[in-house]
Amino acid sequence: MNLAEDTLASQFLEKAIAILQENRDYTIANRRHLHEFPELSFQEEQTRSFIQKELLAYGYSDIQTEVGGGGILATLDTGKPGPIIALRADFDALPIQEESDLPFKSKNDGVMHACGHDVHTATLLSVAQAVGKLSSDLSGKLIFIFQHAEELPPGGAIAIMESGALDDVDAIFGLHIQGGTVDAGKLYIHPGYMMAAADSFEIQIQGKGGHGSAPHTTVDATVVAAYLIQELQTIVSRRKDPIKAGVLSVTAFHAGEGADNIIADKAYLKGTVRTFEKEVQQQFKEGISAMVEHIAAAHGATAKVTYKYGYPSVYNYPEETSLVEKIFIEQFGEENVVTVQPTMGGEDFAYYLQKIPGTFFNVPAGIATQEINYPHHHPKFTADEESLFIGAQAFLSIIQHYLIENESIEGIDNV
C-alpha cells in the first residue's frame, strides 16, 4: 500500500467514525425502537419493514427483500474493481416475557430481544448509513446482510446461502455482543472453532405400568430413564477423547401422572449435544442410540431416539481471523483485542463460514454501573449501548482494509 492509499484509508475511517458520532442519538433510538417492538423468528414483518425503510433513507437502491424467505440484502457497488465482502446482523427476538426496568422495554407480550439482535441490527444500520455517504472512497462491493430467524432452527442463514445471493462474496464477517461480560471497549476473537454445533435429542421410553406395591409385575419406565440420565454421561467421560470438546446435557425428564401409587409405563427425556468436530458429533449420536437401545432392552422396555442436527460449529478461518486481529489492533490497540476460548453456544453464522472465508467476533456489552449483568436469554438481559459503536467501528475498520487497502484475500481454502 502506497502513501496515497494509506492517507485515503485513514481519512475514510476518520470520516466514517465522525458520521457515527454525529448520528449517535439516532443509532441509539433505532436500537431502542427495535428493542421495544421485538418479533419472533420467521414472524419479523415489522422489523423487516423498519430495516428497509432505513436503508432507503440512507440512499440504498439495490435492496433485496425476502432473501431466503425473510432476509434483507443491501448492496453498495462502488463501480470500481475490488473484493466483495459481506457483513451480517440478525434481527429476530425470543419468546421471553421481559422483566427489565428499561423505559423502552418490550411492548409485545411474551417477546423480547434477550440476545442482543436489536443491537446487532442497529449497529449494522449505522455502518450502512456512514458508508453510504463515503462510497466514492471505496473500491469493490459491500453487501449488508440483515438476517431473520437466527434463534429458531433451521434458521435464516442456510436459506440465504441456498438462495445463491452470496455466491460471489470473497469474505464475510459477523459479530455478536457478549452480554453479562463487563469489558468495555474490548473485542473478542478466536481462530478455528469459535462456537459449537448445537444438536438436540428426544428419548421416548415404553415400559409396562402397574401398581406401586407390585413393581415386579411392571417394567418401570422411570427407572429406565434414571439409568439413562446417568449412563449417557459416560459418552463424555469414557467414550470421547478427553482432549476433544463435547457436552451432553439432559434438560427435561417426564414420567408418571396422577396418583402416587402408579408406576409409569412411559418416560420422556430430551437434551442437547454440543461438539466442535464432526467425528465427535457422530460419536455422540451413535453412542446415544446404542446406549438407549441396550439399556431399555436390559430392563425389558423399548425406546426410541430422535436425534436432530442443529446449527454446525462456527469455524473462523485462521488466516482471516489473523488479519482481522491485526486490523483491530491497529484501530483499538493491542490491549483491547483479546483472543478468547471457544464457547459451546451455537450460531447459524456457521453456514456462511462453510462456504465463505471469514470470521465471527464478540463485543462485550455488560454495563459497568449495573450491579448484576444478566446473561443472554434472561428476562432481565440488558446491553451497554456503547457496544453499538465499538461494533460499528470494528466493521468500518474491516471495510477500510478490504475496500480501500485491497490486500489480497485469495488462496484461502474453504473449510
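Position 50 of the sequence shown, counting from 1, maps to 50 under UniProt numbering, and the rest follow consecutively. Note that CB positions come from ideal geometry on N, CA and C, so glycine has one too.
Within the continuous beta strand (DSSP E) that includes residue i, where are the two ends?
i, result
"Val224", "First-last for Val224: Ala221 to Glu231, but that is the alpha helix (DSSP H), not the beta strand (DSSP E)."
"Gly174", "Ala171 to Gln178"
"Gly310", "Thr302 to Tyr311"
"Met195", "Gly192 to Met195"
"Leu269", "Lys266 to Thr275"
"Ile85", "Ile84 to Asp90"
"Thr359", "Gly358 to Pro364"
"Asp62", "Note, Asp62: premise wrong, no beta strand (DSSP E); not H, not E."
"residue 444", "Nothing in the structure corresponds to residue 444, since the chain is present only between 1 and 415."
"Leu73", "Gly71 to Asp77"
In the structure shown, what three-state DSSP assignment does residue i receive?
i, result
"Gln370", "coil"
"Gln21", "helix"
"Phe104", "coil"
"Met112", "strand"
"Glu330", "helix"
"Asp183", "coil"
"Gly212", "coil"
"Glu126", "What sits at residue 126 in the sequence shown is Ser, not Glu. If DSSP states are grouped into helix, strand and coil, Ser126 belongs with the helices."
"Glu202", "strand"
"Leu152", "coil"
"residue 437", "Here the chain covers residues 1 to 415 and nothing more, so residue 437 does not appear."
"Asp167", "coil"
"Lys380", "coil"
"Leu94", "strand"
"Ala9", "helix"
"Thr121", "helix"
"Tyr315", "strand"
"Thr343", "strand"
"Ile235", "helix"
"Ile412", "For Ile412, the predicted structure reports a pLDDT of 39, less than 50, and the residue's modelled location is therefore unreliable. A value from the coordinates is still provided. DSSP places Ile412 in coil when its eight states are reduced to three."
Residue range of the alpha helix (DSSP H) that residue i falls in?
i, result
"Phe253", "Taken as a continuous stretch (DSSP letters only), Phe253 belongs to no alpha helix (DSSP H), being part of the beta strand (DSSP E) at Gly246 to Ala255."
"Ile160", "Ala157 to Glu162"
"Met286", "The sequence shown places Glu at residue 286, rather than the Met named in the question. Counting along the chain, the alpha helix (DSSP H) containing Glu286 begins and ends at Lys278 to Ala298."
"Val337", "Where Val337 is concerned, there is no enclosing alpha helix (DSSP H), although the beta strand (DSSP E) it sits in stretches over Val337 to Thr339."
"Gly391", "Glu386 to Gln400"
"Ala350", "Ala350 to Leu353"
With a 10 Å radius around its C-beta and 16 neighbouring C-beta atoms as the bar for buried, classify residue i as buried or exposed.
i, result
"Asp92", "buried"
"Gln370", "exposed"
"Asp265", "buried"
"Thr306", "exposed"
"Lys186", "buried"
"Asn316", "buried"
"Thr382", "buried"
"Ser41", "buried"
"Ala301", "buried"
"His176", "buried"
"Lys244", "exposed"
"Pro83", "buried"
"Arg274", "buried"
"Pro215", "exposed"
"Arg88", "buried"
"Ser136", "exposed"
"Ile398", "buried"
"Gln281", "buried"
"residue 494", "Since the first residue of the chain shown is 1 and the last is 415, residue 494 is not available in this structure."
"Lys240", "buried"
"Thr234", "exposed"
"Asp6", "exposed"
When you compare the CB of residue i with every CB in chain D, is at least one pair closer than 8 Å?
i, result
"Val223", "The structure shown has no chain D; it contains just one protein chain."
Using 8 Å as the threshold, is the segment 140 to 156 in touch with the segment 69 to 84, meaning 3 or more CB pairs across them? Flag = yes, the segment 140 to 156 and the segment 69 to 84 touch.
Is it true that the segment 58 to 66 meets the segment 168 to 183, where meeting means three or more beta-carbon pairs spaced less than 8 Å apart? Short answer: they don't touch.
4-residue-minimum alpha helix (DSSP H) runs that sit fully inside the segment 24 to 57, ordered along the chain: 24 to 36 and 45 to 57
The segment 187 to 197 touching the segment 345 to 362, judged by at least three CB pairs closer than 8 Å: Touching, yes, given that three or more Cβ pairs across the two stretches are closer than 8 Å.
Could you tell me whether the segment 383 to 391 touches the segment 196 to 203, where touching means 3 or more Cβ pairs closer than 8 Å? Output reads no: the segment 196 to 203 does not touch the segment 383 to 391.
For the structure I just gave you, are there three or more beta carbon pairs, one from the segment 123 to 135 and one from the segment 18 to 25, closer than 8 Å? yes
Inspect the CB distances between the segment 146 to 164 and the segment 339 to 353 and report whether three or more fall short of 8 Å. yes
Do the segment 145 to 152 and the segment 21 to 36 touch if we need at least three Cβ pairs shorter than 8 Å? no
Counting Cβ pairs, one atom from each stretch, are 3 or more of them under 8 Å apart for the segment 268 to 281 and the segment 248 to 256? yes
Report yes or no: do the segment 104 to 116 and the segment 30 to 44 share at least 3 C-beta pairs separated by less than 8 Å? yes
Three or more beta-carbon pairs under 8 Å between the segment 335 to 348 and the segment 202 to 221, yes or no? The segment 335 to 348 and the segment 202 to 221 do not touch, with fewer than 3 CB-CB distances between them shorter than 8 Å.
Does the segment 308 to 328 touch the segment 287 to 294, meaning 3 or more C-beta pairs lie closer than 8 Å? no
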